[in-house]
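*Asks:* Quick one: this structure, given as structure tokens, is what I'll be asking you about.
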Amino acid sequence: MAYCLAAIVAAEVLKKTVIVSTATVALQKQLIHKDLPRLASIIPELTFNILKGRARYVCQSRLEAVIEGVAPGSEFAGELQDLFADSRRPATSNVRDRQAAMRWYKGSAKKLNAGAWDGDIDSLGQPPDPQDWREVQANAHACNGGQCEHFRNCAFFKARRQAAGATLQVANHALVLATLQTDSSLIDAGATLFMFDEAHHLPVIAAEQFSYRARLGASSRLLTGLRTVALRHAKALPASTRPDPVAFGQLVTGCTDRLALLERYWQDSHLVSANQSVHRFSEGRIPEDLVPECGQLVKLLRAIGSQMASIAAALKEPDDAKPPAQREAQSHAGVELGVYLARLDTLDKLLSAWATHDRVPWAKWIEWAEDASGTAPDAWLCASPMTPAQVLSKHLWSQVSAAVCTSATLTACGSFDFFDRLSGMNRFPRRRCLAVASPFDYATQGELRIAPMTHSPKSAGFSDELCDKLPGLLREHPHGQLVLFVNSG
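Mind the numbering: the sequence shown is residues 4 to 492 in our numbering, read in order.
Following this line, the structure appears as structure tokens:
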């Protein structure tokens with residue numbers, strides 16, 4: 004609460020917005036439902052709201068398309084799911100109960116249309132299967148914006164309209180980092196004062212945010228399907244704006260040929276197998292002859308992505324001269340291409356990391372991926388920053404106008420040096436560090452007592468002994484005690 008007071012005053016003077024960013028949902032709920040309402044009771048002009056990522060909201064167009072059996076990418080849904088699905092899921096879990104999923108889709112659509120659900124996944128009593136949700140969640144690449152028939156009632160845009168103009172907004176670290184690395188207008192870093200609570204989580208979250216992985220074989224199949232989908236939808240455009248099908252096909256073939264080379268590499272080298280599931284490249288260096296291939300793949304992927312983005316944008320352009328059915332079909336086509344664009348973007352970032360070796364290298368590795376049927380093994384290509392210092396420096400600290408990081412555990416042995424290096428803050432000489440002493444004099448006011456227990460926490464009699472002794476121990480100090488329970492699991 005104290006940092007909110009200071010930030011609100013500073014924001015008023017500087018004419019800026021305040022974003023309080025947390026790492027946990029628990030703290031977000033505390034701020035939104037307890038702390039900020041109390042603050043607003045004494046500062047009536049204070050307005051606040053919560054910012055959530057687009058993926059926390061349902062896309063009604065995609066939900067309807069799934070129910071109607073014309074889901075974006077439905078022709079190659081297996082490849083789209085395989086490409087970035089979690090390899091740690093058991094193979095048997097990839098066998099989907101489609102009937103159960105369809106019941107959930109239809110029930111959710113009914114609630115959404117009746118106003119019984121606001122489209123926010125967090126307001127659902129029972130969250131859906133992650134793969135079911137992935138098919139209908141809002142997606143920037145697949146969004147038609149104001150041209151969508153559901154724009155007025157869109158769960159995501161309704162939430163954005165409610166948040167607009169609020170004095171203070173509550174977000175999470177992942178959303179802030181994801182937004183600042185894109186061209187999104189959601190957060191204007193230069194016009195915002197940031198308060199990062201639970202800031203000791205920032206480096207870990209940043210490392211996860213800027214890590215990429217994709218399945219090699221699934222990527223090849225995706226590109227093959229992409230060519231068919233893109234050229235089919237391009238037929239709806241004027242001939243002068245369509246891509247040359249031969250040239251476009253050559254771009255895709257160039258990609259699949261180089262992906263085949265990477266496939267042959269991991270298969271011939273026997274670096275990973277069912278018995279040796281992971282191979283890490285020493286110092287993040289992949290074989291020299293693969294570096295130019297990855298670099299060329301990036302160029303080809305960007306050329307393909309550029310042409311697909313042009314097709315998608317043209318399909319989303321409003322044209323009142325066309326009949327409603329044709330406009331709706333083009334809108335769905337733009338959404339479908341957007342799904343593929345999102346996958347291409349991640350593949351681009353992954354291969355860019357593989358093609359680069361910085362002074363502080365990225366970790367690069369290959370993982371074995373067993374096909375659900377057990378007959379077609381695949382491999383994951385993976386990349387992650389060794390330390391998030393560089394990406395935080397580039398995408399966060401260099402962009403913000405001002406930021407405060409706070410946590411009870413930012414120091415190590417009384418020093419901020421470790422957090423400074425890990426977060427990249429040591430690259431900014433004008434930063435300030437301050438360790439604020441606790442208002443409680445624990446040394447003289449507190450007493451640490453370790454109860455003389457007969458049973459260890461792992462033994463069967465521990466709970467019974469605790470229930471027997473604890474009431475008496477608590478009665479010895481009627482002014483209050485804090486009991487610490489050690490997690491033995």
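The beta-carbon is built from N, C-alpha and C at its ideal position, and this holds for glycine as well.
None of the values given here were measured: they were computed from a predicted structure.
In chain order, what residues of the same chain lie with their CB nearer than 7 Å to the CB of ASP125, ignoring the 5 residues before and after it?
*Replies:* Around ASP125: ARG59.
*Asks:* Could you check where the alpha helix (DSSP H) with VAL12 kicks off and where it finishes?
*Replies:* Start and end: 5-17.
*Asks:* Check each candidate in GLU266, ASP322, SER24 and name the one with the smallest Cα separation from VAL407.
*Replies:* With distances taken between Cα atoms, VAL407 lies closest to SER24.
*Asks:* Is the region 243-260 touching the region 284-292 in the sense that three or more CB pairs, one from each, lie closer than 8 Å?
*Replies:* Contact fails: fewer than three Cβ-Cβ distances are below 8 Å.
*Asks:* Cα-Cα, which of ALA415, ALA463, GLN484 is closest to TYR445?
*Replies:* Out of ALA415, ALA463, GLN484, GLN484 has the C-alpha closest to the C-alpha of TYR445.
*Asks:* By Cβ distance, which residues of its chain are closer than 8 Å to ASP361, with the 5 residues on each side in sequence left out?
*Replies:* So the qualifying residues of the chain are GLN393.
*Asks:* Nearest CA to the CA of ILE22: which residue from ALA194, ARG65, HIS36, PHE160?
*Replies:* When only C-alpha atoms are compared, the closest one is ALA194.
*Asks:* Quick one: Cα of GLN33 to Cα of PHE197, how far?
*Replies:* Spanning the two alpha carbons is a distance of roughly 18 Å.
*Asks:* With C-beta atoms as the reference, is HIS203 less than 8 Å away from THR390?
*Replies:* No.
*Asks:* What residue range does the beta strand (DSSP E) around GLN172 cover?
*Replies:* Element bounds for GLN172: 171-175.
*Asks:* Taking the beta strand (DSSP E) that CYS258 falls in, what are its first and last residues?
*Replies:* CYS258 -> not in any beta strand (DSSP E); alpha helix (DSSP H) instead, spanning 248-272.
*Asks:* Taking the alpha-carbon positions, what's the SER44 to MET4 distance?
*Replies:* Using only the alpha carbons, I get a separation of about 13 Å.
*Asks:* Mind checking which residues open and close the beta strand (DSSP E) that includes ASP381?
*Replies:* From DSSP, the beta strand (DSSP E) with ASP381 extends over 381-388.
*Asks:* Buried or exposed for ASP191, going by 16 or more other Cβ atoms inside 10 Å?
*Replies:* With fewer than 16 Cβ atoms within 10 Å of its Cβ, ASP191 is classed as exposed.
*Asks:* Identify the residues that DSSP records as bridge partners of LEU196: which are they?
*Replies:* VAL21, ALA405.
*Asks:* DSSP state of GLU211, grouped into three classes?
*Replies:* In this structure, GLU211 counts as helix in the three-state DSSP scheme.
*Asks:* What three-state label does DSSP hand GLY81 in the structure shown?
*Replies:* In this predicted model, GLY81 has a pLDDT of only 48, less than 50, meaning its place in the structure is not dependable; the value taken from the coordinates is given anyway. If DSSP states are grouped into helix, strand and coil, GLY81 belongs with the helices.
*Asks:* Can you tell me whether LYS238 is buried or exposed, with buried defined as 16 or more other CB within 10 angstroms of its CB?
*Replies:* That one is exposed.
*Asks:* Using 8 Å as the threshold, is the region 160-179 in touch with the region 46-62, meaning 3 or more CB pairs across them?
*Replies:* The region 160-179, when compared against the region 46-62, does touch it at the 8 Å Cβ threshold.
*Asks:* Where ALA199 and LEU205 are concerned, what is the direct C-alpha to C-alpha distance, given to the nearest angstrom?
*Replies:* According to the sequence displayed, residue 199 carries Phe and not Ala. Going from the Cα of PHE199 to the Cα of LEU205 covers about 8 Å.
*Asks:* Rounded to a whole number of angstroms, what is the C-alpha to C-alpha distance between GLU201 and GLN31?
*Replies:* If you take the alpha carbons of GLU201 and GLN31, they lie about 11 Å apart.
*Asks:* So, under 8 Å CB-CB, HIS236 and ALA336 are touching, yes? Tell me the CB distance rounded to an integer number of Å.
*Replies:* Yes, HIS236 and ALA336 are in contact; Cβ-Cβ is about 4 Å, under 8 Å.
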